[in-house]
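In our numbering, the protein residues as written are 4 to 176.
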(Lines of atoms letter the chains of each structure in order from A; the text may use other names.)
(Lines give C-alpha, C1' and ligand atoms only; values in the text may rest on other atoms or scores of the structure.)
Protein backbone atom coordinates (compact mmCIF):
# COMPACT_ATOMS: atom_id res chain seq x y z
CA UNK A 4 0.00 0.00 0.00
CA UNK A 5 1.05 3.55 -0.59
CA UNK A 6 1.24 6.05 2.25
CA UNK A 7 -1.73 7.87 0.77
CA UNK A 8 -3.85 4.68 0.68
CA UNK A 9 -2.87 3.89 4.27
CA UNK A 10 -3.74 7.43 5.43
CA UNK A 11 -7.10 7.27 3.67
CA UNK A 12 -7.85 3.88 5.23
CA UNK A 13 -7.09 5.25 8.69
CA UNK A 14 -9.22 8.35 8.07
CA UNK A 15 -12.20 6.16 7.10
CA UNK A 16 -11.94 4.12 10.30
CA UNK A 17 -11.82 7.13 12.64
CA UNK A 18 -14.90 7.78 14.73
CA UNK A 19 -14.28 10.25 17.55
CA UNK A 20 -16.86 9.89 20.31
CA UNK A 21 -17.25 11.47 23.75
CA UNK A 22 -17.14 8.52 26.16
CA UNK A 23 -18.24 8.59 29.81
CA UNK A 24 -15.11 8.30 31.95
CA UNK A 25 -16.53 5.42 33.98
CA UNK A 26 -16.74 3.37 30.76
CA UNK A 27 -13.09 3.89 29.80
CA UNK A 28 -10.59 1.21 30.77
CA UNK A 29 -6.84 1.05 30.39
CA UNK A 30 -5.26 -1.04 27.68
CA UNK A 31 -5.05 -4.60 29.08
CA UNK A 32 -1.44 -4.71 27.84
CA UNK A 33 -0.45 -1.53 29.68
CA UNK A 34 2.65 -2.22 31.76
CA UNK A 35 2.67 1.16 33.49
CA UNK A 36 1.38 1.01 37.02
CA UNK A 37 2.44 4.39 38.46
CA UNK A 38 1.16 7.79 37.40
CA UNK A 39 2.77 10.71 39.18
CA UNK A 40 0.37 13.26 40.62
CA UNK A 41 2.39 16.17 39.20
CA UNK A 42 2.18 14.72 35.68
CA UNK A 43 -1.59 14.33 36.06
CA UNK A 44 -1.93 17.87 37.46
CA UNK A 45 0.19 19.36 34.66
CA UNK A 46 -1.73 17.56 31.94
CA UNK A 47 -5.10 18.45 33.52
CA UNK A 48 -4.07 22.11 33.52
CA UNK A 49 -2.95 21.87 29.88
CA UNK A 50 -6.19 20.18 28.80
CA UNK A 51 -8.28 22.74 30.67
CA UNK A 52 -6.30 25.59 29.09
CA UNK A 53 -5.71 24.32 25.56
CA UNK A 54 -8.07 21.38 25.13
CA UNK A 55 -7.15 17.81 24.30
CA UNK A 56 -4.46 18.07 21.63
CA UNK A 57 -4.40 14.39 20.67
CA UNK A 58 -7.46 12.16 20.86
CA UNK A 59 -6.37 8.67 21.93
CA UNK A 60 -7.52 5.60 20.02
CA UNK A 61 -9.64 2.95 21.66
CA UNK A 62 -11.87 0.00 20.94
CA UNK A 63 -15.23 -1.18 22.18
CA UNK A 64 -15.12 -4.32 24.28
CA UNK A 65 -17.92 -5.80 26.39
CA UNK A 66 -19.89 -2.54 26.51
CA UNK A 67 -16.86 -0.53 27.58
CA UNK A 68 -13.98 1.22 25.80
CA UNK A 69 -10.36 0.12 26.12
CA UNK A 70 -7.76 2.81 25.42
CA UNK A 71 -4.96 2.00 23.01
CA UNK A 72 -2.92 4.72 24.70
CA UNK A 73 -3.73 7.94 26.55
CA UNK A 74 -3.90 6.60 30.09
CA UNK A 75 -2.45 9.77 31.59
CA UNK A 76 -5.01 11.81 29.63
CA UNK A 77 -7.79 9.71 31.15
CA UNK A 78 -6.45 10.42 34.64
CA UNK A 79 -6.25 14.15 33.85
CA UNK A 80 -9.89 14.08 32.74
CA UNK A 81 -10.83 12.24 35.95
CA UNK A 82 -9.12 14.99 37.97
CA UNK A 83 -10.96 17.71 36.04
CA UNK A 84 -14.28 15.84 36.36
CA UNK A 85 -14.02 15.85 40.16
CA UNK A 86 -14.44 19.64 40.11
CA UNK A 87 -16.69 19.95 37.06
CA UNK A 88 -18.32 16.66 36.00
CA UNK A 89 -20.66 18.42 33.59
CA UNK A 90 -17.79 19.75 31.48
CA UNK A 91 -15.22 16.98 31.96
CA UNK A 92 -17.21 13.79 32.62
CA UNK A 93 -16.61 12.55 29.07
CA UNK A 94 -13.39 12.18 27.11
CA UNK A 95 -13.03 12.08 23.34
CA UNK A 96 -11.82 8.69 22.11
CA UNK A 97 -11.13 7.70 18.51
CA UNK A 98 -13.11 4.45 18.37
CA UNK A 99 -11.55 1.97 15.95
CA UNK A 100 -11.56 -1.71 15.11
CA UNK A 101 -8.34 -2.72 16.91
CA UNK A 102 -6.96 -6.22 17.20
CA UNK A 103 -5.26 -7.57 20.31
CA UNK A 104 -1.98 -7.27 18.40
CA UNK A 105 -2.58 -3.58 17.70
CA UNK A 106 -3.51 -2.97 21.35
CA UNK A 107 -0.33 -4.70 22.51
CA UNK A 108 1.74 -2.69 20.04
CA UNK A 109 0.15 0.59 21.21
CA UNK A 110 1.06 -0.27 24.81
CA UNK A 111 4.60 -1.24 23.89
CA UNK A 112 5.19 1.86 21.76
CA UNK A 113 3.68 4.25 24.31
CA UNK A 114 5.68 2.83 27.18
CA UNK A 115 9.01 2.73 25.41
CA UNK A 116 8.70 6.39 24.38
CA UNK A 117 8.30 7.58 27.97
CA UNK A 118 11.33 9.21 29.48
CA UNK A 119 10.50 8.09 33.02
CA UNK A 120 10.00 4.41 32.27
CA UNK A 121 11.68 2.04 34.68
CA UNK A 122 13.60 -1.02 33.50
CA UNK A 123 10.91 -3.27 34.95
CA UNK A 124 8.13 -1.40 33.16
CA UNK A 125 10.08 -1.86 29.93
CA UNK A 126 10.44 -5.57 30.70
CA UNK A 127 6.72 -5.87 31.50
CA UNK A 128 5.77 -4.08 28.28
CA UNK A 129 7.98 -6.35 26.17
CA UNK A 130 6.80 -9.45 28.02
CA UNK A 131 3.13 -8.50 27.65
CA UNK A 132 3.64 -7.88 23.94
CA UNK A 133 5.31 -11.25 23.43
CA UNK A 134 2.73 -13.11 25.54
CA UNK A 135 -0.16 -11.62 23.60
CA UNK A 136 1.44 -12.35 20.23
CA UNK A 137 2.49 -15.95 20.30
CA UNK A 138 3.59 -15.79 16.67
CA UNK A 139 6.22 -13.14 17.46
CA UNK A 140 9.50 -14.20 19.03
CA UNK A 141 12.22 -12.46 21.01
CA UNK A 142 14.44 -12.07 17.95
CA UNK A 143 11.71 -10.23 16.01
CA UNK A 144 10.86 -7.99 18.96
CA UNK A 145 14.53 -7.27 19.64
CA UNK A 146 15.00 -6.29 16.01
CA UNK A 147 11.88 -4.09 16.10
CA UNK A 148 13.12 -2.36 19.27
CA UNK A 149 16.72 -2.13 18.09
CA UNK A 150 17.90 -4.33 20.98
CA UNK A 151 19.76 -7.59 21.15
CA UNK A 152 17.89 -10.85 21.69
CA UNK A 153 19.92 -11.29 24.88
CA UNK A 154 18.70 -7.95 26.18
CA UNK A 155 15.07 -8.93 25.59
CA UNK A 156 15.62 -12.38 27.15
CA UNK A 157 17.31 -10.90 30.23
CA UNK A 158 14.55 -8.32 30.73
CA UNK A 159 11.96 -11.09 30.72
CA UNK A 160 14.08 -13.27 33.00
CA UNK A 161 14.08 -10.56 35.69
CA UNK A 162 10.27 -10.78 35.78
CA UNK A 163 10.52 -14.42 36.89
CA UNK A 164 12.60 -13.60 39.98
CA UNK A 165 10.96 -13.88 43.41
CA UNK A 166 8.35 -11.12 43.81
CA UNK A 167 10.36 -9.11 46.34
CA UNK A 168 13.29 -8.61 43.95
CA UNK A 169 11.35 -6.80 41.19
CA UNK A 170 9.54 -4.74 43.87
CA UNK A 171 12.91 -3.54 45.18
CA UNK A 172 14.08 -2.77 41.65
CA UNK A 173 10.89 -0.74 41.04
CA UNK A 174 11.54 1.16 44.28
CA UNK A 175 15.14 1.88 43.27
CA UNK A 176 16.56 -0.27 46.08
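Backbone N, C-alpha and C fix where the C-beta goes; we use that ideal spot for every residue, glycine too.
{"Item": "Contact check, residue 59 vs residue 70, beta carbons under 8 Å", "Value": "yes"}
{"Item": "For residue 73 and residue 7, the rounded distance between their alpha carbons", "Value": "26 Å"}
{"Item": "Local conformation of residue 150 per DSSP, three classes", "Value": "coil"}
{"Item": "Residue 107 (DSSP reduced to helix, strand or coil)", "Value": "helix"}
{"Item": "Same chain, Cβ closer than 8 Å to residue 19, neighbours up to 5 away in sequence not counted", "Value": "58, 95, 96, 97, 98"}
{"Item": "For residue 82, the first and last residue of its enclosing beta strand (DSSP E)", "Value": "Note, residue 82: premise wrong, no beta strand (DSSP E); alpha helix (DSSP H) at 74-86."}
{"Item": "Helix, strand or coil at residue 162 [DSSP, three-state]", "Value": "coil"}
{"Item": "Beta-carbon spacing of residue 35, residue 124 below 8 Å", "Value": "yes"}
{"Item": "For residue 176 and residue 40, the rounded distance between their alpha carbons", "Value": "22 Å"}
{"Item": "Contacts around residue 75, its chain only, beta-carbon distance under 7 Å, and the 5 residues preceding and following it disregarded", "Value": "38, 42, 43, 46"}
{"Item": "Pairwise C-alpha distance: residue 52 and residue 32", "Value": "31 Å"}
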